[in-house]
Amino acid sequence: MKCKACGSEAQEGASFCTQCGARLETGARAHAPGNAPDTGAHQLLTMANLFRIRGDWESAEQKCIEALRLFPENASAHSLLGDIYASQKRWEEAAQRYQLAIDLDPENPADREKLEQARQRAADALVPLPARKTTPGTRARGTHRPRLSPPMQLAVVAIISFVAVLLVMSLREAPQSGQLTPSEGFPVALPGGAGGLAPGSPSPAAGLAPRQPAPATTG
Numbered sequence: 028m029k030c031k032a033c034g035s036e037a038q039e040g041a042s043f044c045t046q047c048g049a050r051l052e053t054g055a056r057a058h059a060p061g062n063a064p065d066t067g068a069h070q071l072l073t074m075a076n077l078f079r080i081r082g083d084w085e086s087a088e089q090k091c092i093e094a095l096r097l098f099p100e101n102a103s104a105h106s107l108l109g110d111i112y113a114s115q116k117r118w119e120e121a122a123q124r125y126q127l128a129i130d131l132d133p134e135n136p137a138d139r140e141k142l143e144q145a146r147q148r149a150a151d152a153l154v155p156l157p158a159r160k161t162t163p164g165t166r167a168r169g170t171h172r173p174r175l176s177p178p179m180q181l182a183v184v185a186i187i188s189f190v191a192v193l194l195v196m197s198l199r200e201a202p203q204s205g206q207l208t209p210s211e212g213f214p215v216a217l218p219g220g221a222g223g224l225a226p227g228s229p230s231p232a233a234g235l236a237p238r239q240p241a242p243a244t245t246g
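Written as structure tokens, this is what we have:
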């Protein structure tokens, strides 16, 4: 593959010519304003592009900025830096670099297309995701609950109130019905009573008849 700008051989798949810095697609960069040959800047751009292909964004950005310091009006350097930012989804910064490249080289259609894409991506990134909407009368699955009509609600409240009243009445009557008096229960020892029994209570032996001796047998 040959560079259309300078005619030198270029590596297959490369984006920039290592000799003149022109884009290998069209070679338009060779005649763009500010793109006079500069060996140091072009070598830096070549290294920056290689780092970009390898995914080493920090090194690629650093080499590209170094090239711009040597050759600040190099449209290829601004475009390549825009590609580096776009690879990292830094759309606003990429759009700024593409715009600078277009200002220096207005006839390059590739940068115009990239500029539109970067601006669109930057605008999409600012729009929040639409909230999920449900149609009227519908709810998410698992959250639907049947609603009772007003008459049914009143009936349920009346039943609950009736059950509560019965429960309170039963709790009040339970201690009275289960209470035992001393005369009905077991003997209770009281102070001053005979044999330790309550006055008026029968003696344990009162109901026992005296034991009769057994009759003697004869012969």
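If you're matching positions, the sequence shown starts at 28 in our numbering and goes up one per residue.
Glycine residues also receive a C-beta, built at the ideal position from the N, C-alpha and C atoms.
DSSP has residue i in a bridge; who is on the other side?
i	result
E36	K29
Taking all protein chains shown into account, decide if residue i is buried (16 or more other Cβ within 10 angstroms of its Cβ) or exposed.
i	result
F78	buried
E88	buried
D151	exposed
I80	exposed
D130	exposed
K90	buried
A182	exposed
A185	exposed
L193	exposed
L153	exposed
From the DSSP output, in three-state form, read off residue i for me.
i	result
N62	Reliability fails at N62, whose pLDDT of 49 lies under 50, so the model's placement of it is uncertain and no value is given.
D83	coil
G220	Reliability fails at G220, whose pLDDT of 49 lies under 50, so the model's placement of it is uncertain and the value that follows must be treated cautiously. Note: G220 maps to coil in three-state DSSP.
F78	helix
T161	Reliability fails at T161, whose pLDDT of 49 lies under 50, so the model's placement of it is uncertain and the value that follows must be treated cautiously. Reduced to three states, the DSSP call for T161 is coil.
S103	helix
D132	coil
R199	helix
R3	No answer is possible for residue 3: it lies beyond the span of the chain, which begins at 28 and ends at 246.
N177	Checking the sequence, you will find Pro at residue 177 rather than Asn. The answer is helix: DSSP assigns P177 an H, G or I state.
F294	In the structure as shown, the chain begins at 28 and stops at 246. Residue 294 is therefore absent and cannot be evaluated.
V154	coil
In its own chain, which residues sit with a C-beta less than 8 Å from the C-beta of residue i, not counting the 5 before and 5 after it?
i	result
K141	S106, G109, D110, A113, A121, Y125
I256	Because residue 256 is not part of the residues shown, which for the chain are 28 to 246, the question remains open.
Spatial neighbours of residue i within its chain, please: CB distance less than 6 Å, with the 5 preceding and 5 following residues excluded, ordered by chain position.
i	result
L95	A104
Excluding the 5 residues flanking residue i on each side, which residues of the same chain have their C-beta closer than 7 Å to its C-beta?
i	result
R139	I129
A149	W118, E119, A122
M179	none
Does the stretch 115-123 come within contact of the stretch 91-100, defined as at least 3 CB pairs closer than 8 Å? Contact fails: fewer than three Cβ-Cβ distances are below 8 Å.
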